[in-house]
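To start, the structure itself, in structure tokens.
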Amino acid sequence: MGLFLIAMSLVALGGLGALLLGRSDRWASACGAGGAVAGCALGLVPAFRALLGAPVESLRLAWSIPGGAFVVALDAVSGLFLVPTLFLSLLAAIYGTEYLRGFRGAKSLGAAWCCFDFLVVSMGLVLVAKNGILFLLAWETMALASFFLVTFEREKAAVREAGWIYLVATHLGTACLLAMFVLLADAAGSFDFDDLGRVAAAAPALAGLAFVLAVIGFGTKAGFMPLHVWLPEAHPAAPSHVSAVMSGVMIKTGIYGLVRLLVLLGPPPAWWGWLLLVIGVTSGVLGVLFALAQHDLKRLLAYHSVENIGIIALGLGLGTLGVASGMPALAVLGYGGGLLHVINHALFKGLLFLGAGSVLHETGTREIDRLGGLLRRMPWTGTCFLVGAAAIAGLPPLNGFVSEFLIYLAAFGSLAGAEGQVMSQIPGLVAIGTLALIGGLATACFTKAFGIVFLGEPRSADAALAKEGGPAMRLPMVLLATACVGAGLFPVAAVFALTPALLLVVRQPKAVVTAVLAGAADPLRMIAIGAALLLMIVAFLTILRRLLLAGRSVEETGTWDCGYARPTARMQYTASSFAQPLTELFGLVLRTRTRLVPPKGFFPHRAALETDTPDAFSELLFRPAFAGIERALDRLRALQQGRIQVYVLYIVLTLIALMVWKLG
Amino acid sequence: MNWTVVIPPAAGLLLAPLLFGVINRTKALFAGRHGQPLLQPYFDLGKLLRKGATYSRTTTWVFRAGPIVGLSATATALALTPMGGLPAPVRFSGDVLLFAYLLCLARFFTVIAALDTGSSFEGMGASREVLFSALAEPALLLSLAAVARETRTLSLSGMVGSVSAGTWLSQGPALALVAVALGVVLLAENARIPVDDPTTHLELTMIHEVMLLDHGGPDLAFALYGAMLKLWVLGALLVGLAVPVRSGNPLVGAGAFLGGMVVLAMLIGVVESSMARLRLLRVPKLLVGATALAVLALILILG
Amino acid sequence: MLLWALLILPPVLAGTCCVARSARRVLLLASVGGAGWAALAGATASAAYASGPLFAARGWLYLDALSAYHLAVLGLVFGASSVYAWGYFQGELADGTLSLRSARRFGALWFGSAAAMTAVLLSNNLGLMWVGIEATTLLTAFLICVHVTPLSLEAMWKYLVVCSVGVAFAFVGTLLVAASAQRLGLDASEMLLWTRLRESAALLAPGPMKLAFLFLLVGYGTKAGLAPLHSWLPDAHSQAPAPVSALFSGFMLNTALYCLMRYLPLVEGATGGTGWGGGLLVVFGILSILLAAVFIVFQQDGKRLLAYHSVEHIGIIALGLGLGGIGTFAALWHTLNHAVCKALAFFSVGRLGQMYGTHDLGRMAGAMRRSPVWGIGFFGGVLALIGVAPFAIFMSEFQILRAAAAAHAFVALTLFLLGAGIVFVGALRHAMTSAWGEEVCEPKLQPGGVADAVLVFGALALLLLLGLWMPGPLRTALEQAALIVGGRP
Amino acid sequence: MNDGAGPDAVLALLIITDLLLLGSSRLRSCITITALQGVVVSLLPVLLHGAEGAVRPWILTGGSMILKGAVFPWLLLRVLRESGVRREVEPFVGHTLSVVAGVAALMFSIWVGTQLNLPGPVAPNQTLMVPAGLATLLIGLFLIVSRRTAVTQVLGYIVVENGIYTVGVTLVGGVPMLVELGVLMDVFVAVFIMSIAAYHISREFDHIDVDQLNQLRG
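Those sequence lines, one after another, are chains S, V, Y and Z. Using our numbering, the first residue of the first sequence is number 1, and each one after it goes up by one. Using our numbering, the first residue of the second sequence is number 1001, and each one after it goes up by one. Using our numbering, the first residue of the third sequence is number 2001, and each one after it goes up by one. Using our numbering, the first residue of the fourth sequence is number 3001, and each one after it goes up by one.
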């Protein structure tokens, strides 16, 4: 514990140093990034120990805030979330040093790094805090720091709008959390998590209320579907290394909160599981659909975060149902898959955002349809991005497949239940269908993202002039890509690493959990073998082709465009046209707007087609709601209409009303 | 682990092209032509393997990787597929998923390889491919789930092994639905009529073929061979479920299986010569329908 | 002795202001004297903590934990505002818009109002307390129009009439208290002594006491700016010069609430501690929060925005008081946080207003780029005001939530969260545009002194500190004060 | 003198002046009526507590008589002269209706009086004094709310003050001298400042129609 706190304070010091050195951007960046790197590296040690089930270290200091106490403990669940958090933050910090170089002089990098470091610290604190008030404090600090990072380019109106939406959303979420903690703590008489748990077990109604509030509060941060509206706004606005951290790990603090609460609140009723399941399905499917319709690279990735959060929720839902209905296999595999996906998503989503960042950094545009042919110009970035894309599509032999595999196993397992009880097996059915659909659509989406951005010919001068980023931007991507492959090739280790955390979550005897995991381990071993086989065949074929082509003619020509003589880059398929059939198919949900300027005359000089797909929920739900509230409030403004007589009248009426109320 | 386990994959590798031959012959028969020899696909592959290669300047290593990864993934899937009475060399609880996702991997690389050329035709083909496969995916997995639920096992070999005539008697309707769903998936995944027309000459209407426009020489050979293996693999699965001959005698099993495969090929031929390609907008309905059938089957089995 | 000094010093200073030779000297005197007096106030308060309640003038002057706490806050706000006033009026001194006459008037009334507020805090006699409140109204009235303009006149008139009428009710209330104390058989000199009444609160006649509390609530509530009695507040705050606005909403409103704090234990005692009075305060608190929220959403004028924030926060404090228990403690804590935060915000918006020649937030767009110090002050101030952690206001509001849950006032809890949420949404947007938006008009920048930076960052640091860590003495002070109001910390 | 007649006369006069005030539209006469009412009210301490032979009541009476009878009218007439306004044109509530409202206020305050059984040195034959005071208070407020000119509002404030004074003197025998004087002081300053403000207003806007002071809103 001490080591962890030292690490965090190291990061914090780095941040403060960066702020104080603000005069010189060079030194500020060095200090801020250095603090983050050193602190995260140091913090990873205890985090790993905790993940692997080292005895829980906790620390309790008195705190003068009433009801508050500085209680922190590093148990397996915290460790599980801390490892990806610190790892990704570390890499993002390295990446940021080069990414932000372009802003030197234009912006105060000191402030930016200070915010980044405090974002890291607050995330770390959120994950270890064991006292409600401390947790909320860290939670809000996290929101504030990330808010200032999102509004890094605050001179742009769009960015300010995004920041506003972000802070408002997260604040309204926090309001629910405030209510939840206050209610629990009032019943428990203390804000310490241990006490909260005890009372919740005693009062099921209260527990249910708390859970719903938590789903809203934490779900806003995590990006559950109706509450996700801030995500596609904020993530594109933030600098890319920040987007990576926010999308890769910060939104996971929401998941952490839910898991922690599930641990605290004791055995869950079945409807909690159902709720999570439904959320998972909607977020997953709709998330990937909206991603498919985007042509802003970072926005697309943001929607994919929603999708992956959906997958995680699916896993947690199955797990909860398993616990509720006493099916250990379902519980262990469901939670296991969900939690493993937390780590995996951190890896590949971080990777993808960093890749998108490099593209943005080099070409200056996030517009997919203006890119193309970047793989030739940015081989490192392109290759890493490809790995990430394959991983997020859940393809073997990469890590994404492993966690989805576990969730599938859980779902199939739940199907194998007793005859006749259709109801108890619907979840499995739903989960399988959803995961399959998500898988297919994700493949579609990332073939599009990778194919249009990195393959073919450049669609604009920006893309044509792009070149590879420097080592500080390449290294993190390479490391993350390696991690994705590694976790895919050695899944067994990854799964067994979950055991201590799962023991806390599923409340089953150790024997049962290990047994289930062992049961899951054999297939995983075989999968590893299959992967090996695959790679062997690939190698074999590559060599075979080399042999075959040896001594034969290998020519370079233009693309065979069905006999068309002079293909130009602008004739290529675009992202929008690539996705069009699918968006057309799901037009009912997506409600893509199309503006067409049709070509006129024999020699049309201008024709244009624009499409954009705004978020259905913010369009149909939130904007109208806010507008309605605003109109309602507007009417009340007549109260203050400037006539002194009326003001005095208010006083008199108040008095008379009070008299009649209290004396009459 | 005795040597018999390598028979199925070996057979697959050898006989996959033959299916194409059979299909072509059937179509020729219906068209009243004499048609190409049964072994024509082998000759084609051989010829292609002997050729040199031509690559577009636009392309990168992805383009060259496409056919190889596609073929390797399908081949690995082949190693998971049981045939006749014989289980697959690689089998474990959950290989169903690996199977499905390996096909997905193959598709992924075929598609990006197509996009690598920057040709709008191949882009178009790719776009349709991902559309159909995205819809075929749930159908495939749900029908497999139905079988898995019925046979209480998660490995293909186990399923095919334990589906018997008895199962058909008890769960006939459900299995029939599953068979139909799988059939549709097979047609879609292998780009056959009514989903796609492999023999059309208008690139605008192609799906799978158009993605291979720029491939030549060994690469084209790999791509085609991959397609053939894919047909074989899915076919083997379908036949394995639909023709539950489970006598102890391996020869009988093998015979029944091969017979089934030939019949399947001829069926495909019949369909192709009797039906026209569906309009592209109709295809999704077909696939969603297949998914619905699979769900129905699952419900029937659960109930 | 100290108490007398506290009371005497301001009038003396006021007198000297009236005879000072130049506007410059007046301001110098105002800032130095203000700071000095603030120091004295602080010393007195700490003395009161060190050695129990202080009495003077045969028990008519009285300083216990509650009043000492408020005295300290007053000192803080008054001192800071005085120092700030020096910088604030420099511009007007330079271009001579501040005549000697109005400077003298400002100085005299400035110290006059300090004296009046001190009188309210120190007087143990409820009647004199009322006199003090009315005096603050009358003395501060002309502070609003240091520069006589149509708008400032209008604001002043409304302030004068509305508050006088309101406070008149408070006097009726005071009389009724006296009436309900008849049966105690105290002689005239002791009849209205708070200490006496508190001792035997249980013996007060409940009927008249209830009626009295209604009158007091409406009366002092008007002065404190509880909705729907707050109508004078936004006008007065928006027209007064920034230092005055800061003093107004930083502390003058709290003096009125302080009076209610004195009466709360009496009425509770008389009605047998059934939370009769508390319930009323909760209702007014919630009303204020919600009504303020409505106007904040649409507010374009920076100072009016802050004024409505005052209504909201006074409402929050009232809510805390009404809920009792930890709520009282939190309400008192919130008083301090709000005072600091609001002073900071008014300082910043005042200076920005001078630079831009308007308080329209839309026209102040991009302020943070143009004048970093005051821009940060304003943005940070607003963020703190709308309850962003880790600033102190978040913590005190959170404690009030706890109190609501503890009192099982779930409706109040929900409405509080709702109101706070609306305020957050509305205010944040205004603040972001004015801090970061594209410039629409060119400010005439003023040279920023070190004092400015100290004021701004000092205040922000203080808010941050109070949000993260509560010093032991402060905690004990709050607990003692809360005990007096009748809550159990 | 018997301690029944005096107070009753005051009571009657109080109510009559109230109604007159509501009924009349000429500002000058309003001022005089208010002054009269002030004088009448100022008599109360002596009438109620004068018997004890203490000096206190006499001082109070004297002080408030001077203020309300002389100083206030003088201040207000000065404003009137400055602004040149003669009569209250079109008040929000017509004069006849105002009178009705006044009666209603009287009723209401009597009801309130019955609601609370007040202790204190209220001789049985003066139970109407408190309600009358309340009524005066309410009528004063009514004036402020229903009239336009600044002068009338100041008058309203004075009337409110009279009402409170009545209630106070009737309810509480011995509020400390100092407090009484303080209050008197405050009232004086309040009216003084208000009339100065009104003076400034009539200078600045050359009218004293406070209804037109509605620039600050929202």
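Glycine included, each C-beta is placed from N, C-alpha and C at the ideal position.
Quick one: is residue i near chain Y, going by C-beta distance under 7 angstroms?
i: Ala532/S; result: no
i: Ala28/S; result: no
i: Arg154/S; result: yes
Taking Cβ positions only, does residue i come closer than 7 angstroms to chain Z?
i: Pro2490/Y; result: Not covered by the structure: residue 2490/Y. The range shown for chain Y is 2001 to 2489.
i: Leu2153/Y; result: yes
i: Asp2235/Y; result: yes
i: Trp2157/Y; result: yes
i: Phe2171/Y; result: yes
Does residue i have its Cβ less than 7 angstroms from a Cβ in chain S?
i: Val2297/Y; result: yes
i: Pro1009/V; result: no
i: Gly3218/Z; result: yes
i: Leu3027/Z; result: no
i: Gly2166/Y; result: yes
i: Met2432/Y; result: yes
In the DSSP assignment, what residue or residues form a beta bridge with residue i?
i: Gly199/S; result: Note on residue identity: the sequence assigns Val, not Gly, to residue 199/S. Beta-bridge pairing links Val199/S to no other residue.
i: Glu2388/Y; result: Before going further, note that residue 2388/Y is Val rather than Glu in the sequence given. Bridge partners of Val2388/Y: none, in fact.
i: Met1083/V; result: Leu1086/V
i: Asn2125/Y; result: Leu2193/Y
i: Glu610/S; result: Arg595/S
i: Asn131/S; result: Asp192/S
i: Lys107/S; result: Arg104/S
My guess is that residue i and residue j are in contact by the Cβ rule of under 8 angstroms, so how many angstroms apart are they, rounded?
i: Ala1079/V; j: Pro1009/V; result: 5 angstroms
i: Leu3076/Z; j: Ser3195/Z; result: 6 angstroms
i: Pro1340/V; j: Ser1164/V; result: Given a span of 1001 to 1303 for chain V in the structure shown, any question on residue 1340/V remains unanswerable.
i: Ala214/S; j: Gly257/S; result: 7 angstroms
i: Leu2184/Y; j: Phe2329/Y; result: Incorrect: roughly 30 angstroms between the Cβ atoms, too far for contact.
i: Glu1272/V; j: Lys1027/V; result: 6 angstroms
Shorter than 7 angstroms from the beta carbon of residue i to some beta carbon of chain V?
i: Tyr573/S; result: yes
i: Pro396/S; result: yes
Measuring alpha carbon to alpha carbon, tell me which of the options ends up nearest residue i.
i: Gln2182/Y; options: Thr3061/Z, Leu3138/Z, Leu3178/Z and Gly3168/Z; result: Gly3168/Z
i: Gly551/S; options: His1034/V, Lys1051/V, Asn1024/V and Arg1025/V; result: Lys1051/V
i: Gly3156/Z; options: Ile3139/Z, Val3187/Z, Val3130/Z and Met3185/Z; result: Ile3139/Z
i: Ala2482/Y; options: Ala2201/Y, Gly2325/Y and Ser2348/Y; result: Gly2325/Y
i: Arg299/S; options: His235/S, Leu633/S and Leu548/S; result: His235/S
i: Ala539/S; options: Thr1058/V, Gly1070/V, Gly1012/V and Asp1044/V; result: Gly1070/V
Within the stretch 361-386 of chain S, note down every full beta strand (DSSP E) run reaching 3 residues or more, in order along the chain.
-> Segments of the beta strand (DSSP E) lying fully in the stretch 361-386 of chain S: there are none.
Write down every uninterrupted run of the alpha helix (DSSP H) in the stretch 2156-2240 of chain Y whose length is 4 residues or greater and which is fully enclosed by it, in chain order.
-> 2188-2191, 2194-2199, 2206-2224 and 2232-2239
Scan the stretch 2260-2334 of chain Y and note each continuous alpha helix (DSSP H) run of 4 residues or more that stays entirely inside, going in chain order.
-> Complete alpha helix (DSSP H) runs here, min 4: 2276-2298 and 2302-2323.
Run through the stretch 423-474 of chain S for me and flag every whole alpha helix (DSSP H) of 4 or more residues, listed as ranges in chain order.
-> 461-465
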